[in-house]
Amino acid sequence: MTVNTTVLTTAHAAVVGSIPPRSHGPGASSCTWVNMSTFAAIQAVVSTGLLSVGATVSAKLEQAKDAAGTGAKDITGKAITPLTEAGDDDNVQAAINCRAADLDVNGGFTHARLTVTSAGADANTTALVFGFAPRYGTAADNKAASLVEIVP
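Listed below in structure tokens is the structure:
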């Protein structure tokens, strides 16, 4: 495959969602809904820091019919094996890949988001969702509002 080195990588991939780094108490945190008609695929990367004793971190991709989350449900097969303090899962990452075709398109589902759930105790986590292969314009044209700078 030939790569055009004059084109910025953010033309092809950009951050489209995030869950800020912090100590998350038990409960769920989600990024904003990503319009999958904008991208051919997304990848969610969950990263742990120090997990408190008894902590468990789960992550999954969900789908909805619009940016408001109408009809939200899980995307089949798009969840990580839970990361645990007991499993020595401090300072590790897990990735979930999803193509637009993985959504229930026949059911009218067009949006996806990442949800990370901490259980049992506090867990230092963060997550980024990347959009790949934009259908229109560049990936950076559809970046997350939280992405404040792209350096060429």
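So the sequence shown is residues 79 to 230, counted in my numbering.
Think of the CB as a built atom: it goes at the ideal place given N, C-alpha and C, for glycine as much as any other residue.
Residue i in three-state terms, based on DSSP
i	result
Gly198	coil
Asp219	helix
Val226	coil
Gly185	helix
Asp166	coil
Asp144	coil
Thr88	helix
Ala150	coil
Pro98	strand
Arg213	coil
Ser107	strand
Contact under 8 Å by Cβ, residue i with residue j
i	j	result
Leu192	Cys109	yes
Gln121	Asp182	no
Gly127	Asp200	no
Thr216	Ser115	no
Ala91	Arg177	no
Ser107	Gln171	no
Val123	Ala157	no
Val194	Ala205	yes
C-alpha gap between residue i and residue j, whole angstroms
i	j	result
Asp212	Pro160	Sequence check: residue 212 is Pro here, not Asp. Those two C-alpha atoms are separated by around 30 Å.
Ser196	Asn202	9 Å
Ala137	Val85	33 Å
Asp168	Asp152	26 Å
Tyr214	Phe117	8 Å
Gly147	Ser101	26 Å
Lys143	Gly149	6 Å
Gly232	Asp166	The question about residue 232 has no answer here: the residues shown for the chain are numbered 79 through 230.
Proximal residues to residue i (C-beta, below 7 Å), its chain only, five neighbours per side dropped
i	result
Val112	Val94, Gly95, Ile120, His189, Ala190, Arg191, Val207 and Gly209
Pro230	Leu86
Val131	Glu163 and Ala199
Pro98	Thr204
Beta bridge counterpart(s) of residue i as assigned by DSSP
i	result
Leu129	Ala201
Val135	Leu161 and Ser196
Cys176	Ile120
Spatial neighbours of residue i in its chain, beta-carbon cut-off 8 Å, leaving aside the 5 residues before and after
i	result
Thr88	Thr216, Ala217, Ala218, Lys221 and Ile228
Ala145	Thr110, Trp111, Asn113 and His189
Close-in-space but distant-in-sequence residues of the same chain around residue i (CB under 6 Å, 5 per side omitted)
i	result
Thr134	Pro160, Thr162, Ala197 and Gly198
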